[in-house]
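Everything below concerns the one structure shown next.
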Amino acid sequence: MPLRFDRIFLAASFTTHSFTVPMTPQNPLDHKGSFKVNPFAELLVEIGQAKLGGSMRLSHGESRSIIYFRDGDVVFGVSNARGNRLLNILLDSKRIEQSRLSGLPQCANDVEFATMLVRENVLTKDEVDAAIVQQIEKIIIDALTWPDGQWHYSPLVRSREDLIFSVDAHKLMMDYARCVPAATVFARFRSVQERFEKIADVGANGYLQSHEDYVLQRFSVEPRRIEDLTLECGLPENGFLQTLYVLWLGGMLRRHDWNAAFSENRIGAIRGARVSLVKQASKPAVEMNGNGSKAEPPAVEVEHENMAADEQPQPENQVLDISLDEYLARVEAGKTHYDVLGVDPRAAVSFIKASYFSLAKLFHPDRYHREPAEMLQRIHSAFSSVQVAYDNLKSTDTRENYDFKIRKDLETREKLKAQGVKVEEGEKVDSKTEQGLENFEAGLSLLMDEEYDRAVPFLGRAAHYNPENALYRAYYGKALSYDEKQRHKAEGEIQAAAKLDPKNPKIRLMLVEFFMDNNLLKRAEGEVKRFLELAPDNADARRLLTQIRSAEARTQ
């Protein structure tokens, strides 16, 4: 039965699923971006067809997932969503009954839980493995439905050898591609000049629909343009593009001349880097659980580059064939630093450096000191622009900051809109509003990673810049609540947020949970009852009220 993608499932809980990922230094081979630019499904195809390994961290709001790859295949995945826990997968699929779990040892995470189920003869290893595959598929499906979010790919963080599972991601993505709105698919194509070719080793696929199989048969191993294929197939343009999208996400076609996330240079650098296994996560190889048994080792292995500096790939010597007038025209018309330097936004840092030094050698103002004053002024101004561009792009850190700023304006507007902040079309986003959003995102990320002390100043600045933003005030209070000395201030911030947006269930229930955490059960009960008067059908509020009354009964 085909999987359904017509609903969006979002995890919106502070309770994090138990998985640990080692914090490794940013590596030059790492790559990151947003789903608005590179949708998750397309990233899966790129990694698959490039046969890359490693991992990809995914985030959307409070939801976090990590997908692991070997030779392009999805082999493992973890998520902080409660619905994606292995226990829930087993219960929902009727593989196990809740009563069967009574008396079994407690486990810290899904890996330990899976091992325990086999050890205690609750399930066979094959049954557990099948459930884990279903769990990984659900994590992928959830991420495919996220309308936006961030991704961070690292080739150096991989799953353990005993955590390799066979997942048919292509089938999931074909179902997804068939359900994507036609207008969205249309926007994912750069032009009708894009080319596709059939992957030579692709055999018959019983999962294809008749019109999809018909289009696939129009391909040979030679690349063909969309424009030519549209005329030959005789299908409506939107229907034809959707079919192409299904075949491409299904791993049957290779795509050319498009805006890929992974450039050929980057893929070559990842493949060429000789890596060696150096450690398993950041903890000792063997830990002891509270009951004295050995803990499961971390779920990931961390690798690092083992490449001497003189072995690093270098750009070819560049010979610039550009006149002074062409150079000035390009720099003066450039909208981005990449335009100014005349490099592709996906170019390697080493290539950007080589481009800069070539320009400096040819067009340094000292070479043109005899030019008329007006021309010399243009040359000086252009070279200043080149220097500024190079300063912003010459290192991975500065380049990432700049790339973020390029995308930030559009993304900021979308995020502010999602938070209920109105920004008129064409109106410049107020600097305080923008700074508030930046600090809120940084603070929320730290809060999700349980780095509460580090989160406080960021969320405090967000609330300072936008004191009328209820969400900022609420999360600032949430971060403060982890410090016993700040709990009075924490309550004040969450109370202020609730007054600003009294119908927001997340904020009102955050206040209820604050009272519960501090054993103020009467106040918690009063708050949840007041909220239920506004939203009598809110299931989370009713669940909390039941918990409060149970806790009160135990204290009597």
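Residues in the sequence shown are numbered consecutively from 31, following our numbering. Virtual Cβ for every residue (Gly too), placed ideally from N, Cα, C.
Worksheet item: For the beta strand (DSSP E) that contains Y183, what are its first and last residues?
Response: Its beta strand (DSSP E) spans residues 180-184.
Discussion item. For F70 and L88, which I take to be in contact (beta-carbon distance under 8 Å), what is that distance rounded to the nearest angstrom?
Written reply: Right, the Cβ-Cβ distance comes to about 7 Å (below 8 Å), so this counts as a contact.
Worksheet item: Which of the three DSSP states, helix, strand or coil, is assigned to R187?
Response: Before going further, note that residue 187 is Val rather than Arg in the sequence given. Strand at V187.
Worksheet item: Per DSSP, what kind of secondary structure is H286 in: helix, strand or coil?
Response: Three-state result, H286: strand.
Worksheet entry | Extent of the continuous alpha helix (DSSP H) to which D258 belongs | First-last of the alpha helix (DSSP H) with D258: 256-263.
Worksheet item: If you follow the beta strand (DSSP E) that V104 is part of, which residue opens it and which one closes it?
Response: Residues 103-109.
Practice prompt. Tell me, please, whether the region 92-111 touches the region 163-178 by the rule of three or more beta-carbon pairs shorter than 8 Å.
Written response: Verdict: yes, contact present.
Practice prompt. Flag this pair as touching only if the region 245-260 and the region 188-196 have three or more C-beta atom pairs under 8 Å; answer yes or no.
Written response: Too few Cβ pairs lie closer than 8 Å, so no.
Discussion item. Taking only three categories from DSSP, how would you classify Y98?
Written reply: Residue state, collapsed to three classes: strand.
Worksheet item: Could you give the distance in angstroms between the alpha-carbon of T154 and the alpha-carbon of H61?
Response: Taking the straight line from one Cα to the other gives about 39 Å.
Worksheet entry | Top-ranked residue by Cα proximity to A291, from E76, N534, L574, A419 | For A291, the nearest C-alpha among the options comes from E76.
Discussion item. By alpha-carbon positions, which one of S221, A509, R284 ends up nearest to I229?
Written reply: Nearest C-alpha to I229: R284.
Discussion item. Less than 7 Å between the C-beta atoms of V245 and T273, yes or no?
Written reply: Taking 7 Å as the Cβ cut-off, V245 and T273 qualify as a contacting pair.
Item to complete: Give me the Cβ distance between V378 and N295, rounded to the nearest whole Å; I'm assuming they're in contact under 8 Å.
Response: The sequence as given places Ala at residue 378; Val does not occur at that position. Contact flag correct, Cβ pair sits at about 5 Å.
Worksheet item: Quick one: is H200 buried, meaning 16 or more other Cβ sit within 10 Å of its Cβ, or exposed?
Response: Counting Cβ neighbours within 10 Å, H200 comes out buried, since at least 16 surround it.
Discussion item. Which residue marks the beginning of the beta strand (DSSP E) containing R225, and which one marks its end?
Written reply: Start and end: 225-228.
Worksheet item: Got a sec, what are the start and stop residues for the beta strand (DSSP E) L88 sits in?
Response: Under the DSSP assignment, L88 falls in the beta strand (DSSP E) whose first and last residues are 84-90.
Worksheet item: Between the beta-carbon of A359 and the beta-carbon of V276, is there less than 7 Å?
Response: Taking the C-beta atoms as reference points, V276 is found no nearer than 7 Å to A359.
Item to complete: Would you give the residue range spanned by the alpha helix (DSSP H) that H518 belongs to?
Response: Start and end: 517-530.
Practice prompt. Kindly list the residues whose CB is nearer than 6 Å to the CB of S353, restricted to its own chain and excluding five residues on each side of it in sequence; keep chain order.
Written response: Closer than 6 Å at the Cβ level, and outside the excluded window around S353, lies no residue.
Worksheet entry | K124 classed as buried or exposed, judged by whether at least 16 other C-beta atoms fall within 10 angstroms | By the Cβ neighbour-count rule, K124 is exposed, with fewer than 16 other Cβ atoms within 10 Å of its own.
Worksheet item: Quick one: is R397 buried, meaning 16 or more other Cβ sit within 10 Å of its Cβ, or exposed?
Response: In summary, R397 is exposed, with fewer than 16 beta-carbon neighbours lying within 10 Å of its beta-carbon over all protein chains present.
Worksheet item: In whole angstroms, what is the alpha-carbon distance linking F393 and H399?
Response: Here the C-alpha atom of F393 lies approximately 11 Å from the C-alpha atom of H399.
Discussion item. Can you find the residues in the same chain that come closer than 7 Å, C-beta to C-beta, to G63, ignoring five residues on each side of it along the sequence?
Written reply: Cβ-Cβ distances below 7 Å link G63 to W181, A291 in the same chain, with the five nearest sequence neighbours on each side left out; the list follows chain order.
Worksheet entry | Given L530 as reference, the closest of D479, A500, S415, K391 once Cα atoms are compared | Considering only alpha carbons, the answer is A500.
Worksheet item: Can you give the Cα-Cα distance for G133 and R115, rounded to whole angstroms?
Response: Those two C-alpha atoms are separated by around 20 Å.
Discussion item. Measuring only from the beta carbon, is I166 closer than 6 Å to any heavy atom that is part of the ligand NAD?
Written reply: Of ligands this structure carries none, so the ligand NAD is not represented either.
Item to complete: Taking H394 as part of the alpha helix (DSSP H), name the residues at either end of that continuous run.
Response: According to the DSSP assignment, H394 belongs to no alpha helix (DSSP H), since it is labelled neither H nor E.
Worksheet item: The beta strand (DSSP E) with S132 in it runs from where to where?
Response: The continuous stretches of beta strand (DSSP E) do not include S132, and DSSP gives it neither H nor E.
Worksheet item: So, are the CB atoms of R503 and E523 less than 7 Å apart?
Response: Closer than 7 Å, so yes.
Discussion item. Could you check whether Y386 and Y420 sit closer than 7 Å to each other, using their CB atoms as the reference points?
Written reply: Contact annotation: Y420 and Y386 have beta-carbon atoms nearer than 7 Å.
Item to complete: Kindly indicate which residue of G83, S415, L238, V542 has the alpha-carbon position closest to the one of A571.
Response: Here the closest residue by C-alpha is V542.
Practice prompt. Kindly indicate which three-state DSSP category H61 falls into: helix, strand or coil?
Written response: If DSSP states are grouped into helix, strand and coil, H61 belongs with the strands.
Worksheet item: For S580, does the three-state DSSP call read helix, strand or coil?
Response: Helix.
Worksheet item: In whole angstroms, what separates the C-alpha of S414 from that of N568?
Response: Rounded to the nearest angstrom, the gap between the Cα atoms of S414 and N568 is 59 Å.
Worksheet item: Is L423 near H367, with beta carbons less than 7 Å apart?
Response: The answer is yes: Cβ separation under 7 Å.
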